[in-house]
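Residue numbers (my numbering): 33 to 122. Written below as structure tokens is the structure these notes are about.
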Ligand SMILES: [Zn+2]
């Protein structure tokens, strides 16, 4: 029996626009790391990648249209205070 790998999903967060998009999911830790190694340097100013833990395999083929990814990102403490479209007015 092989040990089950934890799965990761990758979110691209845009600080300028205060929104995020889904980049990839069902990534092994190695795949997620190699993605970051390859693409982090190409990010524009104010953009960053956030890697989140998946609790289970996501059946949707594309992360961009994956509801489970959106739910995970919404629940994540790392994005929780960063609403996608709404800006709170003081
Ligand atoms: Zn997903």
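Every residue gets a Cβ at the ideal spot worked out from N, C-alpha and C, and that includes glycine.
Around residue 52, the same chain offers 43, 44, 45, 46, 82, 105, 111, 114, 116 as residues with beta carbons nearer than 8 Å, after the five sequence neighbours per side are excluded. Residue 77 and residue 100 have their alpha carbons spaced roughly 28 Å apart. In the DSSP assignment, residue 106 falls within the alpha helix (DSSP H) that extends over 99 to 107.
One residue list follows from the rule of a beta carbon closer than 6 Å to any heavy atom of ligand 1, given in chain order as 41, 57, 90, 92, 95, 98, 100, 101. Of the residues assessed, residue 68 falls on the exposed side of the cut-off, its CB having fewer than 16 other CB atoms within 10 angstroms.
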